[in-house]
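Trainee:
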Amino acid sequence: MKSNELTNPFTLKSLSLSGRVVMAPMTRSRSPHNIPGADVAEYYRRRAENNVALIITEGTVVDPAGHAYPDVPNFYGKKALQGWEHVVKNVHAGGGKIFPQLWHTGSVRQEGMPPEPNVPGYAPSSILHPSMKEGAVPEELSEKDIENVIAAFARAAHEAEQIGFDGIELHGAHGYLIDQFFWNRTNHRTDVYGGSNIAERTRFAVDLIRAVRQEVEADFPVCLRFSQWKLGDYETKLARTPKELETFLTPLADAGVDIFHCSTRRFFEPEFAGSDLNLAGWTKKITAKPVISVGSVGLDSDFISNRMSPEKNKPHGSEKTIQYLLERLERNEFDLIAVGRALLADPEWVTKVIDDRFDEINTFTMESLNTLY
43 MKSNELTNPF
53 TLKSLSLSGR
63 VVMAPMTRSR
73 SPHNIPGADV
83 AEYYRRRAEN
93 NVALIITEGT
103 VVDPAGHAYP
113 DVPNFYGKKA
123 LQGWEHVVKN
133 VHAGGGKIFP
143 QLWHTGSVRQ
153 EGMPPEPNVP
163 GYAPSSILHP
173 SMKEGAVPEE
183 LSEKDIENVI
193 AAFARAAHEA
203 EQIGFDGIEL
213 HGAHGYLIDQ
223 FFWNRTNHRT
233 DVYGGSNIAE
243 RTRFAVDLIR
253 AVRQEVEADF
263 PVCLRFSQWK
273 LGDYETKLAR
283 TPKELETFLT
293 PLADAGVDIF
303 HCSTRRFFEP
313 EFAGSDLNLA
323 GWTKKITAKP
333 VISVGSVGLD
343 SDFISNRMSP
353 EKNKPHGSEK
363 TIQYLLERLE
373 RNEFDLIAVG
383 RALLADPEWV
393 TKVIDDRFDE
403 INTFTMESLN
413 TLY
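Following the numbering used here, the numbering of the sequence shown begins with 43 at its first residue and continues without gaps.
1. How is Gln256 classed by DSSP in three states: helix, strand or coil?
2. Assign Glu176 to buried or exposed, taking buried as 16 or more other Cβ atoms, counted over all protein chains shown, within 10 Å of its Cβ.
3. Between which two residues does the beta strand (DSSP E) holding Ala215 run?
4. Going by C-alpha to C-alpha distance, which of Asp81, Phe224, His134 and His146 sits closest to Leu294?
5. Grab me the residues of Leu123's own chain with a C-beta within less than 7 Å of its C-beta, minus the 5 sequence neighbours each way, in chain order.
6. Which value, in whole angstroms, describes the spacing of the CA atoms of His216 and Ile334?
7. Give me the residue from Ser238, Thr99, Ser149 and Gly382 with the minimum Cα distance to Ser167.
8. Going by CA-CA distance only, name the one from Val248, Asp377 and Val299 that's closest to Pro263.
9. Check whether the Cβ atoms of Phe195 and Val254 lie closer than 8 Å to each other.
10. Does the structure place the stretch 107 to 124 close enough to the stretch 148 to 164 that three or more beta carbon pairs sit under 8 Å?
11. Is it true that the CB of Arg245 sits closer than 8 Å to the CB of Ser305?
12. Quick check: what's the CA-CA separation for Leu250 versus Arg399?
13. Exposed or buried, Ser338, counting other C-beta atoms within 10 Å across all chains shown (16 or more means buried)?
14. By alpha-carbon positions, which one of Glu181, Val381 and Glu259 ends up nearest to Arg481?
15. Does Gln222 pass the burial test, meaning 16 or more other C-beta atoms within 10 Å, or should it be called exposed?
16. Go ahead and pull the three-state DSSP assignment for Ser269.
17. With distances taken between CB atoms, is the gap from Leu59 to Pro51 smaller than 8 Å?
18. Ignore the nearest five residues each way along the sequence and tell me which others in Asn132's own chain have a CB closer than 7 Å to its CB.
19. Taking only runs of the beta strand (DSSP E) that begin and end inside the stretch 278 to 352, which ones reach a length of at least 3 residues, in chain order?
20. Can you tell me whether Thr393 is helix, strand or coil according to DSSP?
21. Would you list the residues sitting across from Ser167 in a DSSP beta bridge?
22. Are there 16 or more other CB atoms within 10 angstroms of the CB of Tyr276, so buried, or fewer, so exposed?
23. Quick check on Trp225: does DSSP put it in helix, strand or coil?
24. At what residue ranges does the stretch 91 to 164 contain a whole run of the beta strand (DSSP E), taking only runs of 3 or more?
25. Considering only residues of the same chain and omitting the five flanking positions on each side of Thr329, which have a CB-CB separation below 6 Å?
26. When the distance is taken between beta carbons, is Arg89 closer than 8 Å to Asp81?
27. Assign Ala66 to one of three DSSP states: helix, strand, or coil.
28. Using a Cβ-Cβ cut-off of 6 Å (strictly less than) and excluding sequence neighbours within five positions of Pro389, which residues of its own chain qualify?
29. Thinking just about the alpha-carbon of each residue, which of His75, Ile220, Phe310 and Glu203 is nearest to the one in Gly119?
30. Would a C-beta distance cut-off of 8 Å place Glu242 and His303 closer than the cut-off?
31. Quick one: is Arg231 buried, meaning 16 or more other Cβ sit within 10 Å of its Cβ, or exposed?
32. Short of 7 Å in beta carbon distance, which residues of its chain neighbour Ser317, apart from the five on each side in sequence? Order them along the chain.
33. Buried or exposed, going by whether 16 or more other CB atoms sit within 10 Å of the CB of Arg282?
34. At the level of alpha carbons, what is the spacing between Gly237 and Gln256?
35. Alpha carbon to alpha carbon, how far is Phe309 from Lys326? Give it in angstroms, no decimals.
This is the structure:
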């Protein structure tokens with residue numbers, strides 16, 4: 043196996059990575075009082091010590107209205123930022139690099155949720171999130187509210203650079219706030235932040251990216267995670283053709299995105315008919331920017347179904363599927379590969395793959411979600 047593809051160095055602006063494997067962001071809800079503790083720092087350090095070149099943290103919230111899940115870490119407030127500084131030092135000591143994923147859940151939030159129960163959910167439009175059958179309709183963000191949210195993301199980016207992070211990721215995927223502006227099911231606005239097509243609905247993200255870029259140095263990498271699928275609608279597509287994808291990506295790239303993290307359920311599936319390219323492959327072709335691919339790497343089954351891999355009767359975790367991944371890296375379809383649940387079960391997953399120790403890999407099961415291993 044050409045497992046050396048996983049250890050090829052990668053450079054982007056001030057970021058120098060020792061390999062091509064990224065730890066995907068995964069919400070763990072293990073930060074009491076919304077402050078990442080020593081156990082969180084050690085959790086990430088273990089992966090950094092085992093050939094995970096770049097860690098993208100779990101979603102970390104930029105503003106009190108951005109919370110929708112318990113014990114998710116803040117990226118504001120002195121204690122939370124001190125906790126993140128400790129995480130950064132641990133990851134660097136382990137030989138890795140690290141980005142925080144900056145997050146706002148938008149209309150997924152319901153009033154009464156911690157940490158500030160009186161704060162309601164906010165959204166581009168007063169529409170119940172498609173993943174919910176019932177609940178309070180969110181408040182529509184005013185233009186002043188939008189300015190405040192953008193400012194919160196920009197402050198968080200500035201703090202990340204000051205603390206010592208190696209870049210940031212903006213969570214623009216899966217039906218959360220930034221993505222709610224992209225999606226026609228959740229954005230019915232008639233002002234400049236609305237629009238009849240996907241290109242027009244990038245305005246919020248474009249303004250946010252530009253604000254972030256003004257708060258960090260020019261060589262500080264800014265990553266944007268986006269997805270076609272959404273929480274509550276796994277079959278939806280923002281862009282149904284390569285041309286439509288181009289109209290979506292171009293303004294985001296022009297605003298200052300350095301690298302796109304293209305979230306798919308299965309990395310090995312083509313995005314559009316007539317081409318083998320996945321979403322990351324198309325994104326790289328359209329923008330010429332570096333890309334991260336992700337989706338069911340190293341799993342025996344994906345997180346929604348028992349769908350099997352392209353190799354008949356071979357599961358996702360098989361050597362055949364890893365070979366498929368390495369071949370795509372070798373032909374530069376994408377630059378980096380993010381691994382999620384496989385790394386929850388086994389912090390040494392990358393090292394074992396590189397060493398062809400497949401029989402020693404701890405396989406992911408739902409039990410893996412119960413501990414911060």
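Here a beta-carbon is modelled for each residue, glycine too, at the ideal position from N, C-alpha and C.
From a predicted model like this one, the values you see are computed outputs, not experimental measurements.
Mentor: According to the structure data:
1. helix
2. exposed
3. Ile210 to His216
4. Phe224
5. Contacts found: Glu201 and Ile205.
6. 16 Å
7. Ser149
8. Minimum Cα distance to Pro263 is reached at Val299.
9. yes
10. yes
11. no
12. 44 Å
13. Per the 10 Å Cβ criterion, buried.
14. The first residue shown for the chain is 43 and the last is 415, placing residue 481 beyond what the model contains.
15. Answer is buried; the Cβ neighbour count reaches 16.
16. strand
17. yes
18. Ala83, Glu84, Tyr86 and Arg87
19. 301 to 305 and 333 to 336
20. For Thr393, the three-state secondary structure derived from DSSP is helix.
21. Answer is none; Ser167 lacks a bridge partner.
22. exposed
23. coil
24. 96 to 103 and 139 to 145
25. Leu291 and Ala295
26. At least 8 Å separates the beta-carbon of Asp81 from that of Arg89.
27. coil
28. Arg88, Arg89 and Asn92
29. His75
30. no
31. buried
32. none
33. In summary, Arg282 is exposed, with fewer than 16 beta-carbon neighbours lying within 10 Å of its beta-carbon over all protein chains present.
34. 26 Å
35. 14 Å
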